[in-house]
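Data block below; observations after.
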Amino acid sequence: MQIEGLLPAIVQDYYTGRVLMLAYVNQESYDIMMQSGYTCFWSRSRQELWRKGDTSGNVQRIMTLSWDCDRDTLLIQVEQIGAGACHTGSYSCFGNEEPGQFGILDRLWAQILDRRENPREKSYTNYLFDQGLDKICKKIGEEAAETIIAAKNDDGDGLVGEISDLAYHLLVLMSNQGVAPRDIQAELDQRHGVKGNLKEKSEKGGV
641 MQIEGLLPAI VQDYYTGRVL MLAYVNQESY DIMMQSGYTC FWSRSRQELW
691 RKGDTSGNVQ RIMTLSWDCD RDTLLIQVEQ IGAGACHTGS YSCFGNEEPG
741 QFGILDRLWA QILDRRENPR EKSYTNYLFD QGLDKICKKI GEEAAETIIA
791 AKNDDGDGLV GEISDLAYHL LVLMSNQGVA PRDIQAELDQ RHGVKGNLKE
841 KSEKGGV
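Residue numbers for the sequence shown follow the numbering used here, beginning at 641 and rising by one.
Structure follows, in structure tokens:
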């Protein structure tokens with residue numbers, strides 16, 4: 641793909657859908673991204689190449705690259721590694737932007753991780769971690785059974801509540817066992833062929 645001058649690039653979290661930042665790409669930075677698989681931009685203020693995360697360690701591994709209909713704007717979906725995308729330390733440069741479709745699950749996951757690192761008195765999540773794997777698995781079994789009962793009873797409101805309880809306890813189990821939501825996403829992508837890769841898109845002319 642030949643790039644004339646500078647083109648804007650929207651960087652989006654592949655897993656949450658949240659917009660992380662806006663940057664600019666020229667031919668050299670684009671070529672580096674295609675070769676390395678990590679974001680690289682052109683800094684208009686410093687007038688030099690800018691490999692995202694070189695100094696902060698907050699690199700962005702590219703999952704997909706795509707052009708808009710006029711081929712003058714690039715959408716880069718990434719796995720954000722490290723604290724975040726913004727130079728202020730925030731996850732997104734758009735601090736007040738609403739999270740993606742499954743944003744509440746992302747926030748709940750972040751809270752569960754925080755409870756593991758920073759336990760709080762009378763926290764139910766910390767109670768589960770303290771009790772260990774057997775207790776967590778028992779709760780999942782109970783919530784799964786209650787979900788089935790609500791479904792069999794055609795209890796719509798009850799079913800929503802039971803599924804929510806089950807989802808929470810599954811996230812606690814995942815944290816306890818070192819499994820992250822993105823691991824599930826990657827597995828589902830692999831099974832259902834959702835995600836391509838940089839090389840395939842380049843050969844097909846999509847990048």
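The beta-carbon is built from N, C-alpha and C at its ideal position, and this holds for glycine as well.
- In the DSSP assignment, the residues bridged to Asp653 are Val718.
- Around Pro759, the same chain offers Asn766 as residues with beta carbons nearer than 6 Å, after the five sequence neighbours per side are excluded.
- Residue ranges of uninterrupted alpha helix (DSSP H) with 4 or more members, entirely inside the segment 754-806 and ordered along the chain, are 764-771, 773-792.
- Per DSSP, the unbroken alpha helix (DSSP H) holding Gln675 starts and ends at 667-676.
- Of the candidates Leu810, Ile643, Leu811, Ala784, the residue whose Cα lies closest to the Cα of Gly798 is Ala784.
- In the DSSP secondary-structure assignment, Glu644 is not bridged to any residue.
- With a contact defined as Cβ atoms closer than 8 Å, Leu811 and Trp749 qualify at about 6 Å.
- Residue environment analysis places Glu802 among the buried positions, since at least 16 neighbouring C-beta atoms fall within 10 angstroms of its C-beta.
- A direct Cα-to-Cα measurement between Leu646 and Asn666 gives close to 5 Å.
- For Val659, the three-state secondary structure derived from DSSP is strand.
- In this structure, DSSP gives Tyr731 a state outside helix and strand, which the three-state scheme calls coil.
- Taking the CA atoms as reference points, Trp707 sits about 46 Å from Glu786.
- For Arg701, the uninterrupted beta strand (DSSP E) run begins and ends at 700-707, by DSSP.
- In the DSSP assignment, Ser683 forms a beta bridge with Glu688.
- Cys777 and Gln817 have their alpha carbons spaced roughly 11 Å apart.
- Judged by their CB atoms, Leu715 and Ser815 are not nearer to each other than the 8 Å cut-off.
- Straight-line measurement puts the Cα of Tyr670 at about 22 Å from the Cα of Gly722.
- Counting the other Cβ atoms within 10 Å of the Cβ of Arg711 gives fewer than 16, which makes it exposed.
- A direct Cα-Cα distance of roughly 37 Å separates Asn793 from Glu761.
- Of the other Cβ atoms in all chains shown, 16 or more fall within 10 Å of the Cβ of Tyr808; this residue is therefore buried.
- Take the alpha-carbon of Ala790 and the one of Ala820: they are about 28 Å apart.
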